Amino acid sequence: MTDFFKGIAPIRHEGPETANEFAFRHYNPDEIVLGKRMEDHLRFAVAYWHSFAWPGGDPFGGQTFDRPWFGDTMDLARMKADVAFEMFDILGQPFYCFHDADVRPEGATFAESKRNLDEIVDYLGQKQEAHKARLLWGTANLFSHRRFMAGAATNPDPDVYAYAAATVKANMDATHRLGGQNYVLWGGREGYETLLNTDLKAERQHAGRFLQQVVEYKHKIGFKGAILIEPKPQEPSKHQYDYDVATVYGFLVEFGLEKEVKVNIEQGHAILAGHSFEHEIALAASLGIFGSIDMNRNDYQSGWDTDQFPNNHAEKALAFYEILRAGGYTTGGTNFDAKLRRQSLDAEDLILAHVGGMDTCARALKCAAALLESGELEAARKARYAGWDTPAAKAMLVGTLEQAAARVTAEGIEPEPRSGRQERLENLWNRYL
Ligand code: XUL
Ligand code: CO
């Protein structure tokens, strides 16, 4: 036991009226929502990087957090894991996620980095046996070290492609060993700064082949989890190849991977791409590639990825409605890819940020479930498209353009515009919030 969270007891559900800061108001793991336990709907995960590895820097200043486990030794990496699992026990969330760089010190050589990773994975495996939290997904950090500054799989230097392959292989092995349910690839440096020095076609082809190799390796080792791409339009690269869900889908089809790879959709990334979170989720679900989400929010005024904890249940209810409508998660979950503000120094801040985020999502889930269960919105949506249930309308979709056109004169068609009823439906939504 470390004493980092000393005095903080496991968080329990006390209901909306409680005055206790250290309690859940809405997240009640065993409560049944639409026939399923809330914990099994939400499948919360804590992100190792923001909570335990991020030092609190911003572009104008360095470290603000002074954590006892900061440093480059294996002993400190083990202490970090101890603290992490102590937090998981306090929160009671079922999952966590990590990059290699979050959990182990970087070695002087690849072999040393790999040894460090293998050693800490053994330790995390022991922790998993003694505690509740399991691995939702693992991933490789292919963006922080300077060797990746011009990309990983898309790097002009083939040696970096090899290094990325070795790193991803090691991380897939680690994820598999820990029973991870997914493996994520986020291409922060898989993009470019300027076309003046970039062979865009070659880079995309290398990225596509790399992903095929990842899928081949997944099958080779018998990893049953999902491979997930996490779209983001830019930051850190000026232009990322995995821009948004639609772009990723086109990329997967081009490389024959649309049945093999799904997406991990992040709220802040969706916003940066000019979409809403729910749009990205609904589109992915309609394409059959919805996998998991990274839950956070951006600051509404600044145009970058601020990775804040969610605190607006009304906004998240739209996202959870789409998740429920899609049938919920299979291997995916709700990963808090969210970090404290850099002035939030205390251990309590770390706990309460997650408590607030979990409550926000739980409340959103309950609102979304109630509206879905009422059937009111689905009935309105169905009514709007009811014309397509007629045989004549259905026939148009299998016939030719001329046959569809012929209906206009034959039936004397003059379409009658009808209200889209947006405000009425928004009012309906608000009644459920
Ligand atoms: C970066 C981001 C990453 C991925 C994992 O914006 O979201 O933390 O989730 O590499
Ligand atoms: Co993310």
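Read left to right, the sequence shown gives residues 8 to 440 (the working numbering).
Each residue gets a CB set at the ideal place from its N, CA and C atoms; glycine is no exception.
Given the structure is predicted, the values throughout are model-derived calculations rather than measurements.
query                                                                                                              : result
Per DSSP, cross-strand counterpart(s) of phenylalanine 343                                                         : Val53 and Met302
Contact the segment 92 to 100 vs the segment 148 to 161: 3+ CB pairs below 8 Å                                     : no
Simplified DSSP state of alanine 375, which is helix, strand or coil                                               : helix
Any non-hydrogen atom of ligand 1 closer than 6 Å to threonine 25 Cβ                                               : no
Proximity test, glutamate 287 beta-carbon vs ligand 2 heavy atom, cut-off 6 Å                                      : no
Closer than 6 Å: threonine 146 CB and nearest ligand 1 heavy atom                                                  : yes
Where glutamine 410 falls, given that 16 or more other Cβ within 10 Å makes a residue buried                       : exposed
Valine 297 - partner residues in DSSP beta bridges                                                                 : Here the sequence assigns phenylalanine to residue 297, which means valine is not the residue at that position. Partner(s): Val270.
Per-residue DSSP class, three states only, for asparagine 148                                                      : coil
Ligand 1 heavy atom lying under 6 Å from the CB of glutamate 433                                                   : no
Simplified DSSP assignment, three categories, for phenylalanine 59                                                 : helix
Candidates His282, Leu41, Thr338 and Glu126, of which the one nearest glycine 186 by Cα                            : Thr338
heavy atom of ligand 1 below 6 Å from glutamate 197 C-beta                                                         : no
Whole-angstrom distance between methionine 403 and threonine 397, CA atom to CA atom                               : 10 Å
Nearest to arginine 141 (by Cα), restricted to the options Gln133, Val270 and Glu265                               : Gln133
For serine 283, the nearest candidate out of Lys269, Val252, Phe262 and Ala115 (CA to CA)                          : Val252
Beta strand (DSSP E) segment containing tyrosine 439, residue limits                                               : Run containing tyrosine 439: none in the beta strand (DSSP E); it sits in the alpha helix (DSSP H), 429 to 439.
Euclidean distance between Cα positions of phenylalanine 51 and methionine 86                                      : 23 Å
Bridge partner(s) assigned by DSSP for valine 40                                                                   : Lys43
Sequence-distant residues of the same chain with beta carbon closer than 7 Å to lysine 346, five excluded per side : His57, Trp61 and Asp314
Close Cβ partners of proline 36 (< 7 Å) along its chain, the five nearest in sequence each way excluded            : Arg44, Met45, Glu46 and Gly99
Glutamate 322 beta carbon less than 7 Å from that of aspartate 301                                                 : no
Through-space distance from glycine 195 to tyrosine 250, alpha-carbon basis                                        : 10 Å
Distance CB(glycine 364)-CB(proline 317) smaller than 7 Å                                                          : yes
Contact test: aspartate 249 Cβ vs ligand 1 heavy atom, cutoff 6 Å                                                  : no
Under the three-state DSSP convention, the category aspartate 314 falls into                                       : coil
Contact test: aspartate 312 Cβ vs ligand 1 heavy atom, cutoff 6 Å                                                  : yes
Under 7 Å between C-beta atoms of alanine 326 and glutamate 285                                                    : yes
Beta-carbon gap between alanine 354 and phenylalanine 297 smaller than 7 Å                                         : no
Cβ contact (3+ pairs, closer than 8 Å) linking the segment 357 to 377 and the segment 104 to 113                   : no
Residues that asparagine 189 bridges to, as DSSP identifies them                                                   : Trp144 and Ala233
Any heavy atom of ligand 3 nearer than 5 Å to the CB - residues listed                                             : Absent from the structure shown: ligand 3. Ligands present: ligand 1 and ligand 2.
Alpha helix (DSSP H) runs contained entirely in the segment 77 to 146, provided each spans 4 or more residues      : 81 to 98, 107 to 110 and 117 to 137
Cutoff 7 Å: alanine 30 Cβ touching any chain C Cβ                                                                  : In the displayed structure, chain C is absent; only one protein chain is listed.
Tryptophan 436 Cβ short of 6 Å to ligand 1 heavy atom set                                                          : no
Check: glutamate 237 C-beta below 6 Å from any heavy atom of ligand 1                                              : yes
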